[in-house]
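Residues in the sequence shown are numbered consecutively from 2, following this note's numbering. One structure below.
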Amino acid sequence: MKKRVLLGALALSVLCVQTFADEKPLKIGIEAAYPPFASKASDGSIVGFDYDIGNALCAEMKV
């Protein structure tokens with residue numbers, strides 16, 4: 002019984018790794034209505050803490 006459970010957990014973990022192996026673009030949604038967390042600059046680009054932390058996380062994850 003324990004071997005079946007262990008084998009099932011191993012198979013499930015292999016399937017999960019394959020699911021996350023796809024290289025799809027990462028999308029982060031930001032509402033630019035709450036400065037200083039996120040707002041629109043005069044040129045229309047988004048600036049603020051949320052934007053900066055999102056870029057830093059993506060750089061750290063290499064995504």
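Yeah, the Cβ is synthetic: ideal placement off N, Cα and C, and Gly gets one too. Nothing here was measured: the structure is a model prediction, and the numbers come from that model.
Residue nearest to Ala34 within the set Tyr52, Val6, Leu27, Lys28 is Tyr52 (criterion: CA-CA distance). Put simply, the backbone Cα of Gly49 is about 38 angstroms away from that of Ser14. Bridge partners of Lys41 according to DSSP: Ile47. When the beta-carbon positions are compared, Leu27 and Val64 come within less than 7 angstroms of each other. With a cutoff of 7 angstroms on beta-carbon distance, Gly45 and Ile29 are scored as not near each other.
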